[in-house]
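Enquirer: If you use my numbering, the sequence shown closes out at 405, no skipped numbers anywhere.
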Amino acid sequence: MIPTSPLVGITHRSVYWYDRDVFLGPQVIRLRPAPWTRTAVSNYQLTVLPEHHFIAWGMDANGNHMARVVVPDRSRFLEVRVELQAELTPINPFGFFVEPWAQQFPFEYKPPTGEDLYASLQIRESGPLLMDFLASVDCTPRFTVDFLVDLNKQIHHEIEYSQRQSPGVHTCEELLTERIGSCRDSSWLMIQLLRHCGIAARFVSGYLVQLKTEQEQQNAEQSQGEQDQSQQSSGVSSADNTVTEDQVDLHAWVEAYLPGAGWVGMDPTSGLFAAEGHIPVAAAAVPDSAAPISGSVEPSEVEVTYDLTLKRLSGPAMEVHPH
Numbered sequence: 083m084i085p086t087s088p089l090v091g092i093t094h095r096s097v098y099w100y101d102r103d104v105f106l107g108p109q110v111i112r113l114r115p116a117p118w119t120r121t122a123v124s125n126y127q128l129t130v131l132p133e134h135h136f137i138a139w140g141m142d143a144n145g146n147h148m149a150r151v152v153v154p155d156r157s158r159f160l161e162v163r164v165e166l167q168a169e170l171t172p173i174n175p176f177g178f179f180v181e182p183w184a185q186q187f188p189f190e191y192k193p194p195t196g197e198d199l200y201a202s203l204q205i206r207e208s209g210p211l212l213m214d215f216l217a218s219v220d221c222t223p224r225f226t227v228d229f230l231v232d233l234n235k236q237i238h239h240e241i242e243y244s245q246r247q248s249p250g251v252h253t254c255e256e257l258l259t260e261r262i263g264s265c266r267d268s269s270w271l272m273i274q275l276l277r278h279c280g281i282a283a284r285f286v287s288g289y290l291v292q293l294k295t296e297q298e299q300q301n302a303e304q305s306q307g308e309q310d311q312s313q314q315s316s317g318v319s320s321a322d323n324t325v326t327e328d329q330v331d332l333h334a335w336v337e338a339y340l341p342g343a344g345w346v347g348m349d350p351t352s353g354l355f356a357a358e359g360h361i362p363v364a365a366a367a368v369p370d371s372a373a374p375i376s377g378s379v380e381p382s383e384v385e386v387t388y389d390l391t392l393k394r395l396s397g398p399a400m401e402v403h404p405h
């Protein structure tokens, strides 16, 4: 019997609650898997409330799917719900070929590619802390892919991850002052470092699906049972006694352009290259242009509620390898 790949269902719901009925300006929603995603996606559905609205699909200047939504009447809320299914067939993140002349770092883009990548080569920060960090990066000539692997791991090891619900992206100076930040912050840092090294890089928003193997689940359950027995006999509680579960998050990572390979995804939050669990919805040279939801509203107080759920529909657990 041929093993099947895991099939999962994702539901993502965001609701903006306003303190009064307000007029909403046009809203741009970039929450449809990008045309270049390598993960097979099916049964995609976008639902917007209030029901009286107009929606038009198109592509933005960066080639991202976008839904432009107009709500003609005043409303006290805006709800955006995405539902999709994804088949997580294993992907080799290093399954690409680089042009011979770009295999060794450093390299220069040939025309007209360099012109096409202009926005993704623009250096936007050069603060003292960023320059100090850049000085610590090993820029000795070697295989380009090895350089990317090392830089990705360096950021992962030196910047502590912290989930941050507040919008926006911290500057490199803000991030390097605290050495702790969100996936968005670490990604923007890596983008600036790559551009300083002459490599085109862009910001990616998307979904990150992480499935645990059956062995990992069994190990977690066994560990849980042992901890329960220990706590019953000694009365000592443990702060880490949860059973590992499948997860999905709205995430950010980086893509670098390698001649011959195209855009290659890297995740400095984990130190790994992007694989089947990374499902991009938008990419751009600057984070604002890859925002999942953007638009205007007249002045008001707003409260945002957000939930993202994952359901395994079929197939075995996905092996997670340290790429």
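Glycine included, every Cβ here is placed at the ideal spot set by N, Cα and C.
(1) The beta strand (DSSP E) with P108 in it runs from where to where?
(2) Have a look at the DSSP bridge pairing and note the partners of E242.
(3) What would DSSP say about E161, mapped onto helix, strand or coil?
(4) Specify whether the stretch 144-157 and the stretch 179-195 touch according to this definition: at least 3 beta carbon pairs, one from each stretch, less than 8 Å apart.
(5) Going by DSSP, what residues sit across from I137 in a beta bridge?
(6) I111 and I375 - do their beta-carbons sit closer together than 8 Å?
(7) Assign F355 to one of two classes, buried (16 or more other C-beta atoms within 10 Å of its C-beta) or exposed (fewer than that).
(8) With DSSP run on the structure shown, which of helix, strand or coil describes T119?
(9) If you follow the beta strand (DSSP E) that D328 is part of, which residue opens it and which one closes it?
(10) When you compare the CB positions of L233 and M272, do they come within less than 8 Å of one another, or not?
(11) Can you look up D220 in the DSSP assignment and give me helix, strand or coil?
(12) V130 bridges to which residues according to DSSP?
(13) Can you give the beta carbon distance from E207 to T171, rounded, assuming they're within the 8 Å contact cut?
(14) What does a CB cutoff of less than 6 Å around R120 pick up in its chain, not counting 5 residues either side in sequence?
(15) Spatial neighbours of A357 within its chain, please: C-beta separation below 6 Å, excluding the five flanking residues on both sides.
(16) Is the Cβ-Cβ distance between V363 and M348 less than 8 Å?
(17) Can you name the start and end residues of the alpha helix (DSSP H) that Y200 belongs to?
(18) Could you check if W118 is buried or exposed, using at least 16 other CB atoms within 10 Å of its CB as the buried criterion?
(19) Kindly indicate which residue of H278, V386, V379 has the alpha-carbon position closest to the one of D103.
(20) Using 7 Å as the cut-off, classify the Cβ of E327 as near or not near the heavy atoms of the ligand MG, replying yes or no.
(21) Grouping DSSP H, G and I as helix and E and B as strand, with all else coil, what is V180?
(22) Under 7 Å Cβ to Cβ from S382, same chain only, skipping five residues before and after it: list those, please.
(23) Expressed to the nearest angstrom, what Euclidean distance is found between the alpha-carbon atoms of Q314 and K393?
(24) Express the C-alpha separation of Q204 and V90 in angstroms, rounding to a whole number.
(25) Do E169 and S244 have their C-beta atoms within less than 8 Å of each other?
(26) Roughly how many whole angstroms lie between the Cα atoms of R158 and F179?
(27) When burial is assigned at 16 or more other CB atoms within 10 Å of the CB, is V346 buried or exposed?
(28) At the level of alpha carbons, what is the spacing between L131 and A372?
Expert: With the given structure in hand:
(1) Along the sequence shown, read from residue 1 onward, the residue named residue 108 stands at position 26. From DSSP, the beta strand (DSSP E) with P108 extends over 106-111.
(2) The residue labelled residue 242 in the question sits at position 160 within the sequence shown. Answer by DSSP bridge pairing, in chain order: I262.
(3) Taking the first residue of the sequence shown as 1, we reach residue 161 at position 79. If DSSP states are grouped into helix, strand and coil, E161 belongs with the strands.
(4) no
(5) By one-based count along the sequence shown, residue 137 stands at place 55. Assignment of beta-bridge partners to I137 by DSSP yields V151.
(6) On the sequence shown, position 293 is the one that residue 375 refers to. On the sequence shown, position 29 is the one that residue 111 refers to. Their beta carbons are under 8 Å apart, which means I375 touches I111 by this criterion.
(7) As a first step, residue 355 must be located in the sequence shown, where it is residue number 273. So F355 counts as buried.
(8) Start at 1 with the first residue of the sequence shown, and residue 119 comes out as number 37. In this structure, T119 counts as coil in the three-state DSSP scheme.
(9) Along the sequence shown, read from residue 1 onward, the residue named residue 328 stands at position 246. No beta strand (DSSP E) contains D328, which DSSP labels as neither H nor E.
(10) The count along the sequence shown starts at 1 and reaches residue 233 at position 151. The count along the sequence shown starts at 1 and reaches residue 272 at position 190. Yes, the pair counts as a contact, with Cβ atoms nearer than the cut-off.
(11) To locate residue 220, count along the sequence shown from 1; it is residue 138. If DSSP states are grouped into helix, strand and coil, D220 belongs with coil.
(12) On the sequence shown, position 48 is the one that residue 130 refers to. Looking at the DSSP assignment, V130 forms a beta bridge with V162.
(13) Locating residue 207 in the sequence shown gives position 125, where the first residue counts as 1. Locating residue 171 in the sequence shown gives position 89, where the first residue counts as 1. The Cβ separation is near 38 Å, so there is no contact.
(14) Counted from its first residue, the sequence shown places residue 120 at position 38. Taken in chain order, the residues that qualify are I173.
(15) If you number the sequence shown from 1, residue 357 lands on position 275. Only I173, P175 meet the Cβ criterion.
(16) One-based indexing of the sequence shown puts residue 363 at position 281. One-based indexing of the sequence shown puts residue 348 at position 266. Not in contact: V363 and M348 (Cβ atoms no closer than 8 Å).
(17) As a first step, residue 200 must be located in the sequence shown, where it is residue number 118. From DSSP, the alpha helix (DSSP H) with Y200 extends over 200-203.
(18) If you number the sequence shown from 1, residue 118 lands on position 36. Its Cβ having fewer than 16 others within 10 Å, W118 is exposed.
(19) As a first step, residue 103 is located in the sequence shown; it is residue number 21 there, counting from the start. Measuring from the Cα of D103, the nearest candidate turns out to be V379.
(20) By its list of ligands, the structure shown contains no ligand whatsoever, and the ligand MG lies outside what it can speak to.
(21) Looking up residue 180 in the sequence shown gives position 98. Judged by DSSP in its simplified three-state form, V180 adopts coil rather than helix or strand.
(22) The sequence position of residue 382 within the sequence shown is 300, counting from 1. The residues are Y100, D101, R102, V104.
(23) Working through the sequence shown from its first residue, we reach residue 314 at position 232. Working through the sequence shown from its first residue, we reach residue 393 at position 311. Because Q314 carries a pLDDT of 45, less than 50, the predicted location of this residue cannot be relied on, and the following value inherits that uncertainty. Roughly 33 Å between the two C-alpha positions.
(24) Within the sequence shown, residue 90 is the residue found at index 8, counting from 1. Within the sequence shown, residue 204 is the residue found at index 122, counting from 1. Cα to Cα, V90 sits roughly 38 Å from Q204.
(25) Here residue 169 is taken as the residue at index 87 of the sequence shown, counted from 1. Here residue 244 is taken as the residue at index 162 of the sequence shown, counted from 1. Cβ atoms of E169 and S244: not closer than 8 Å.
(26) Here residue 158 refers to the residue found at position 76 of the sequence shown. Here residue 179 refers to the residue found at position 97 of the sequence shown. Distance between the alpha carbons of R158 and F179: 52 Å.
(27) Taking the sequence shown and counting its residues from 1, the one referred to as residue 346 is at position 264. Here V346 is buried, its C-beta having at least 16 other C-beta atoms within 10 Å.
(28) By 1-based counting over the sequence shown, the position of residue 131 is 49. By 1-based counting over the sequence shown, the position of residue 372 is 290. A straight line joining the alpha-carbon of L131 with that of A372 spans about 22 Å.
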